[in-house]
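Here is the structure we will look at.
Residue numbers (my numbering): 75 to 364.
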């Protein structure tokens, strides 16, 4: 049974892809055709599939971007509408390919009706590729980690050429070739494409080498506290830690000189540290190819 649209948002990547495929089998075309506007509650999100940026550790930058957009929209009585949000019909509703921050900004500005949209027509794999292509050229810059993860997602789930993936994600073709090699190895191990899609690039390499993925503490109480800390920091500092990382790093030392070392020892930073090291290798490779 296909989950309702309100539940698909909360599924992991492989489950969401399966649910979308089943929904499209039942309702391949939207009942209302191609709308020019949609209400806020009609704009669905599946960030595990259609959000190439990893915002987990970018709460402040994310918050600042939404705030700027909300101010641009202005008063709800007479809003200034932003450029259309790109949506795609996924069988059970309209899903955002590009415009996640605009949706949040409309919600913050309390604008809930007649939001401009642009309909993308194509299959699921084409929609996945479109979300990467649009976001890689978008307003909130993608980090190198985002770009390599996006390239991996396209490699794992589409038949795009090396040059097309490299162009869309701003990575070297040699990096894409390496991703194809990892995909072949994972396929030999019996890993399905949707399972690969759920991995980031660092995880895919570790699994291909037979290494166990580090277990991250997902305790709900810890996660809830972390979200609270992140939102408090974002409200107080906006994106200043991102703009001035050296100053923020020194501030953490001034707060408690033991804190940086303690952070590096946590399970939560295990993947961050490993991904950073991989990013540096990819950056060196990219620079040598261009």
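Note that CB positions come from ideal geometry on N, CA and C, so glycine has one too. Bear in mind the structure is a predicted one, so any value in this text is a computation, not a measurement.
### Query
Per DSSP, what kind of secondary structure is residue 336 in: helix, strand or coil?
Residue 336 falls in the helix class under three-state DSSP.
### Task
Classify residue 78 as buried or exposed, calling it buried when 16 or more other Cβ atoms lie within 10 Å of its own Cβ.
With a pLDDT of only 47 at residue 78, under 50, the local geometry of the prediction cannot be trusted, and no value is derived from it.
### Query
For the alpha helix (DSSP H) that residue 313 lies in, which residues bound it at each end?
Note, residue 313: premise wrong, no alpha helix (DSSP H); not H, not E.
#### Entry: Contained beta strand (DSSP E) runs [length at least 3] in the stretch 213-246, N- to C-terminal order
Assignment of beta strand (DSSP E) within the stretch 213-246, counting only whole runs of 3 or more residues, yields no such run.
### Query
For residue 187, which of 104, 115, 233 has the nearest alpha-carbon?
Nearest C-alpha to residue 187: 115.
### Task
Put residue 123 into one of helix, strand or coil per three-state DSSP.
Three-state result, residue 123: helix.
### Task
Quick one: measure Cβ to Cβ for residue 159 and residue 117, integer angstroms, because I've assumed they're closer than 8 Å.
With a contact defined as Cβ atoms closer than 8 Å, residue 159 and residue 117 qualify at about 7 Å.
### Message
Given this structure, state the Cα-to-Cα distance separating residue 249 from residue 343, to the nearest angstrom.
### Response
The alpha-carbon separation between residue 249 and residue 343 amounts to approximately 25 Å.
### Message
Using the three-state DSSP reduction, which class does residue 169 fall into: helix, strand or coil?
### Response
Taken through DSSP and simplified to helix, strand or coil, residue 169 comes out as strand.
### Task
Throw me the rounded Cβ distance for the residue 161 and residue 112 pair, which I believe falls under 8 Å.
At roughly 7 Å, the Cβ-Cβ gap stays under 8 Å, so residue 161 and residue 112 are in contact.
### Task
Report the partner residues of residue 118 according to the DSSP bridge assignment.
Its beta-bridge partners are 169.
### Message
Could you compute how far the alpha carbon of residue 88 sits from the alpha carbon of residue 266?
### Response
Whole-angstrom Cα-Cα distance: 9 Å.
### Query
Based on the DSSP output, what are the partners of residue 189 in its beta bridges?
DSSP lists 112 as the beta-bridge partner residues of residue 189.
### Query
Would you call residue 271 buried or exposed, if buried means 16 or more other Cβ atoms sit within 10 Å of its Cβ?
Buried.
### Query
Under a Cβ-count criterion, where at least 16 other Cβ atoms within 10 Å of its own Cβ denotes burial, should residue 221 be classed as buried or exposed?
It counts as buried.
### Message
Going by the DSSP bridge assignment, what does residue 160 pair with across the sheet?
### Response
Residue 160 pairs with 172, 192.
### Task
Taking residue 140 as the reference, give the member of 355, 182, 305 with the closest Cα.
Comparing Cα-Cα distances from residue 140 to each of 355, 182, 305, the minimum goes to 182.
### Query
Excluding the five sequence neighbours on either side, which residues of its own chain have a C-beta within less than 8 Å of the C-beta of residue 190, listed in chain order?
When the five nearest sequence neighbours on each side are left out, the beta carbons in the same chain lying within less than 8 Å of the beta carbon of residue 190 are those of 110, 111, 155, 156, 157, 158, 159, in order along the chain.
### Task
State the Cα-Cα distance for the pair residue 179 and residue 151, rounded to the nearest angstrom.
Straight through space, the alpha carbons of residue 151 and residue 179 are spaced by roughly 15 Å.
#### Entry: Reference residue 163, options 148, 145, 108, closest by Cα
Closest by C-alpha distance to residue 163, out of 148, 145, 108, is 108.
### Task
Grab the span of the alpha helix (DSSP H) containing residue 273 for me, first residue to last.
No alpha helix (DSSP H) holds residue 273; DSSP gives it neither H nor E.
### Assumed close pair residue 254, residue 229 - CB separation to whole angstroms, cut-off 8 Å
Their Cβ separation, rounded to whole angstroms, is 6 Å, which keeps residue 254 and residue 229 in contact under 8 Å.
#### Entry: Terminal residues of the alpha helix (DSSP H) in which residue 69 lies
Outside the modelled stretch of the chain, which goes from 75 to 364, sits residue 69, for which no answer is possible.
### Message
Assuming the contact rule is C-beta atoms closer than 8 Å, residue 98 and residue 198 should be a hit. Round their C-beta distance to whole Å, please.
### Response
The Cβ separation is near 7 Å, so the contact holds.
### Task
Could you tell me the distance, in whole angstroms, from the CA atom of residue 323 to the CA atom of residue 174?
Answer to the nearest angstrom: the Cα atoms are 29 Å apart.
#### Entry: Local Cβ density within 10 Å of residue 263, reported as buried at 16 or more and exposed below that
By the neighbour-count rule (16 or more Cβ atoms within 10 Å), residue 263 is not buried but exposed.
### Task
Go ahead and label residue 258 buried or exposed: buried means 16 or more other beta carbons lie within 10 angstroms of its beta carbon, across all protein chains shown.
Counting Cβ neighbours within 10 Å, residue 258 comes out exposed, since fewer than 16 surround it.
### Task
Below 8 Å on the Cβ atoms is my guess for residue 165 versus residue 101; work out the distance and round it to an integer in Å.
About 5 Å separates the beta carbons of residue 165 and residue 101, which is inside the 8 Å limit, making them a contact pair.
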